[in-house]
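In this note's numbering, the protein residues as written are 119 to 671. Note that the Cβ used here is the ideal one computed from N, Cα and C, for glycine as well.
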Ligand code: GLU
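Given below as structure tokens:
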């Protein structure tokens with residue numbers, strides 16, 4: 119009778135290393151007490167998903183706040199779903215968010231002593247461990263064809279039992295070693311399955327760093343660990359890689375919770391200490407009153423690129439994601455207006471489970487705050503970078519008149535309570551249109567929103583008078599006194615109190631006189647500080663605009 123030892127040799131004749139050798143090659147990390155080793159382990163199957171940004175931000179933050187290590191592993195074992203180059207793109211996108219790995223897979227080559235960090239390059243490691251599992255009888259070759267598996271599934275359906283390769287349905291689990299060897303020698307294709315010792319009627323318990331104790335049915339399925347293409351499945355690769363990369367905290371999407379008993383089953387079989395798990399809640403969306411997961415197909419905001427194309431600062435998105443990660447973040451942010459999230463005392467334990475509802479209004483709120491807190495030079499640089507990719511006209515203006523644009527973006531900025539006009543850089547162009555003559559001409563070609571109750575002849579006079587006599591180059595108070603005085607001459611009230619007491623005595627209120635100037639110059643009743651606008655536009659331009667509008671009345 120042949121032994122498992124012989125079977126292992128037949129399956130993996132070229133594997134000479136042992137698990138012991140791997141343990142030596144990848145020794146325990148020498149890190150300070152409490153330091154966590156975390157990772158982000160995406161599959162290169164497309165764009166950076168908002169949920170993945172969330173997960174990677176958490177992994178990164180945990181490592182940074184504990185003086186640990188954050189690494190990047192490329193999980194490219196599903197060759198059918200792999201999109202060439204998307205792994206590198208993910209790294210680039212993460213880099214825009216400052217989420218750079220300490221070690222891992224990089225386009226220019228691996229960095230770190232625990233590699234390779236790309237799973238397709240780790241075949242020999244997986245085969246070494248699997249050889250050992252076969253040797254000790256905890257893994258075996260399975261010769262089922264897709265048709266055989268289909269038959270099993272159908273019989274399970276008919277018997278109304280759970281699908282899967284377990285118990286009496288695990289067809290090749292109990293073949294004799296001789297039989298296995300004979301089939302291999304006959305050239306029958308095989309995959310390798312893990313031999314579970316689990317019992318479906320028992321429970322597996324583990325402590326999730328976010329959710330506390332979780333109790334699930336034990337795994338009793340003999341999952342595939344090595345596919346026919348020679349690559350491992352996720353389950354096995356996770357166990358093997360996170361063991362030899364010495365990960366201490368697995369932060370991954372909550373969709374992996376049901377598979378955790380499989381992973382713990384394997385850690386037990388190998389006599390390895392399992393890492394801690396933190397299953398990150400999915401980002402949800404309210405859809406007609408129902409909560410559902412952000413969907414790659416239905417929701418543009420499922421892709422991080424959507425926010426970048428809209429011109430949300432990367433920092434704003436991180437700040438927003440941090441606010442859904444830890445509910446005490448908002449209080450912290452209110453007191454730390456620089457929004458430097460690296461200073462936030464993030465706690466994985468405090469992660470909210472029900473807070474991961476995507477809320478664009480909240481993102482806009484944080485984004486306005488972040489943009490308002492961005493120093494002007496940096497803001498100019500960011501807007502220019504955004505415009506370069508997404509707004510040709512704005513970019514041209516930023517290149518040709520940098521000082522003018524700087525002044526515009528700086529309106530009401532340098533103060534304790536700065537203006538919050540922009541939630542995203544795509545808001546800049548529509549907001550500042552009137553500063554450019556050709557745009558302003560288009561705006562004032564339409565009827566302007568002058569107040570109905572004020573005689574057009576008075577509006578015209580106010581414009582002509584301001585065009586002639588309004589002061590420039592003064593402080594705001596002097597300018598405003600001047601506007602007040604000019605309005606007074608035409609019968610506008612010069613104090614709010616007077617107007618309130620006897621409105622019938624005046625052609626309009628104090629603010630009405632200034633508003634006429636605002637409407638003519640900006641084309642709108644809403645604008646930032648008018649005095650700043652007039653000074654930026656300059657005397658000549660303002661007088662010309664006032665006269666031009668007066669002529670149309
Ligand atoms: N490659 C897996 C995924 O993209 C990683 C899960 C994990 O972090 O372990 O879902």
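Span of the alpha helix (DSSP H) around residue i
| i | result |
| --- | --- |
| residue 616 | 614-619 |
| residue 479 | 478-491 |
| residue 515 | 510-518 |
| residue 385 | 378-388 |
| residue 402 | No alpha helix (DSSP H) holds residue 402; the beta strand (DSSP E) holding it covers 402-405. |
| residue 367 | Per DSSP, residue 367 belongs to no alpha helix (DSSP H); it is in the beta strand (DSSP E), 367-371. |
| residue 636 | 628-640 |
| residue 661 | 657-670 |
| residue 424 | 422-428 |
| residue 601 | 594-608 |
| residue 209 | 204-214 |
| residue 137 | 137-143 |
| residue 675 | Nothing about residue 675 can be read from this structure; the chain reaches only from 119 to 671. |
| residue 97 | The question about residue 97 has no answer, for the chain in this structure spans 119 to 671. |
| residue 474 | No alpha helix (DSSP H) contains residue 474, which DSSP labels as neither H nor E. |
| residue 126 | 122-129 |
Best match in the options for proximity to residue i [C-alpha to C-alpha]
| i | options | result |
| --- | --- | --- |
| residue 390 | 358, 484, 262 | 358 |
| residue 592 | 497, 658, 228, 653 | 653 |
| residue 215 | 518, 172, 254 | 172 |
| residue 643 | 312, 282, 562 | 562 |
| residue 240 | 207, 261, 351, 342 | 351 |
| residue 527 | 298, 236, 650 | 650 |
| residue 631 | 615, 610, 614, 616 | 610 |
| residue 655 | 243, 550, 290 | 550 |
| residue 556 | 659, 597, 544, 508 | 659 |
| residue 262 | 211, 277, 129, 345 | 345 |
| residue 513 | 502, 253, 348 | 502 |
| residue 530 | 582, 646, 505 | 646 |
| residue 601 | 375, 615, 580 | 580 |
| residue 419 | 166, 139, 134, 311 | 166 |
| residue 382 | 406, 349, 347, 323 | 323 |
| residue 123 | 257, 162, 362 | 257 |
| residue 140 | 305, 553, 250 | 250 |
Unbroken beta strand (DSSP E) run spanning residue i, endpoints
| i | result |
| --- | --- |
| residue 408 | 408-411 |
| residue 548 | Counting along the chain, residue 548 falls outside any beta strand (DSSP E), though it belongs to the alpha helix (DSSP H) covering 546-550. |
| residue 158 | 155-158 |
| residue 219 | Looking at the DSSP string, residue 219 is not in any beta strand (DSSP E), and its letter there is neither H nor E. |
Through-space distance from residue j to residue i, alpha-carbon basis
| i | j | result |
| --- | --- | --- |
| residue 495 | residue 144 | 46 Å |
| residue 608 | residue 625 | 8 Å |
| residue 392 | residue 156 | 14 Å |
| residue 379 | residue 315 | 12 Å |
| residue 168 | residue 423 | 9 Å |
| residue 573 | residue 670 | 14 Å |
| residue 510 | residue 558 | 19 Å |
| residue 245 | residue 150 | 33 Å |
| residue 484 | residue 397 | 26 Å |
| residue 175 | residue 436 | 8 Å |
| residue 537 | residue 481 | 17 Å |
| residue 371 | residue 400 | 7 Å |
| residue 426 | residue 409 | 25 Å |
| residue 384 | residue 297 | 25 Å |
| residue 539 | residue 429 | 14 Å |
| residue 337 | residue 360 | 20 Å |
| residue 415 | residue 421 | 10 Å |
| residue 589 | residue 648 | 13 Å |
| residue 395 | residue 369 | 6 Å |
| residue 286 | residue 121 | 23 Å |
| residue 318 | residue 128 | 32 Å |
| residue 447 | residue 464 | 8 Å |
| residue 518 | residue 524 | 12 Å |
| residue 576 | residue 663 | 17 Å |
| residue 560 | residue 404 | 40 Å |
| residue 604 | residue 439 | 51 Å |
| residue 613 | residue 597 | 15 Å |
| residue 201 | residue 193 | 12 Å |
| residue 255 | residue 374 | 27 Å |
Given 8 Å, three or more beta-carbon pairs between the stretch 636-647 and the stretch 609-625
no
Evaluate contact between the stretch 446-460 and the stretch 483-502, counting only Cβ atoms and requiring at least three cross-stretch pairs below 8 Å.
yes
Taking contact to mean 3 or more Cβ pairs, one atom from each stretch, closer than 8 Å, check whether the stretch 435-448 and the stretch 472-483 are in contact.
yes
Tell me the start and end of each unbroken alpha helix (DSSP H) in the stretch 253-341 that is at least 4 residues and wholly inside, in chain order.
264-276, 295-303
Unbroken stretches of the alpha helix (DSSP H), 4 residues or longer, contained in the stretch 164-193:
168-183
Every unbroken beta strand (DSSP E) inside the stretch 431-471 [3 residues or more]:
none
Beta strand (DSSP E) runs wholly inside the stretch 538-591, at least 3 long, in chain order
none
With a cut-off of 8 Å, do at least 3 Cβ pairs link the stretch 181-197 to the stretch 226-237?
yes
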